[in-house]
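Notes follow the structure.
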Amino acid sequence: MKKNIVILLVIIIVAAGVISYFALNKKTEDILTTDTVVDYEKQRMLERQAVETYVRDNINELAGEALLGGRWYVLETKVDTENDVGDVKYEDGHVQRENHFSYTFNPTDSSVVIENFNFGK
Numbered sequence: 002m003k004k005n006i007v008i009l010l011v012i013i014i015v016a017a018g019v020i021s022y023f024a025l026n027k028k029t030e031d032i033l034t035t036d037t038v039v040d041y042e043k044q045r046m047l048e049r050q051a052v053e054t055y056v057r058d059n060i061n062e063l064a065g066e067a068l069l070g071g072r073w074y075v076l077e078t079k080v081d082t083e084n085d086v087g088d089v090k091y092e093d094g095h096v097q098r099e100n101h102f103s104y105t106f107n108p109t110d111s112s113v114v115i116e117n118f119n120f121g122k
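Residue numbering for the sequence shown is 2 to 122, as defined by this note's numbering.
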């Protein structure tokens with residue numbers, strides 16, 4: 002009888018160990034998946050910010066000469082990081098324009114290159 006109780010206790014302890022092992026591994030996988038999603042979203046956010054800043058800082062070079070020799074000012078930007086395209090609305094106090102653009106983003110140094118700046122969206 003004592004032998005059966007000892008065997009039963011050993012089986013219970015082994016089963017508990019196996020269950021704990023798989024439960025801990027599952028949590029690790031969940032954390033890795035969550036971290037991957039967070040890293041991806043963070044990368045997209047940084048890309049969006051870099052592109053918006055680049056367009057805002059370089060709108061006068063991208064859009065050409067403003068009316069009456071003024072300067073262009075960005076009113077709004079929308080960046081689609083999935084397709085590497087965006088839209089910008091800007092004005093110089095006399096004229097307002099909207100343009101569509103495509104870009105390349107280098108995550109290593111956060112550099113942005115505007116490849117296509119189409120006037121008159």
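Each residue gets a CB set at the ideal place from its N, CA and C atoms; glycine is no exception.
Judged by DSSP secondary structure, E66 falls outside any beta strand (DSSP E); it is assigned neither H nor E. Ranked by how close their Cα comes to the Cα of L69, the residues M46, L9, F102 and D93 have D93 in first place. Of the candidates V15, S21, R45 and N61, the residue whose Cα lies closest to the Cα of V75 is N61. Distance from the CA of A67 to the CA of W73, rounded to the nearest whole angstrom, comes to 6 Å. In this structure, E53 keeps its C-beta atom at 8 Å or more from the C-beta atom of F106.
In the three-state scheme derived from DSSP, where H, G and I count as helix and E and B as strand, E53 is classed as helix. The alpha-carbon separation between I115 and Q50 amounts to approximately 14 Å. Residue pairing by DSSP places N117 opposite S103 in a beta bridge.
Between V96 and G87, the gap from beta carbon to beta carbon reaches 8 Å or more. Taking all protein chains in view, the Cβ of V56 is crowded by 16 or more other Cβ atoms within 10 Å, so the residue is classified as buried. With a threshold of 16 other beta carbon atoms within 10 Å, Y41 falls short and is exposed.
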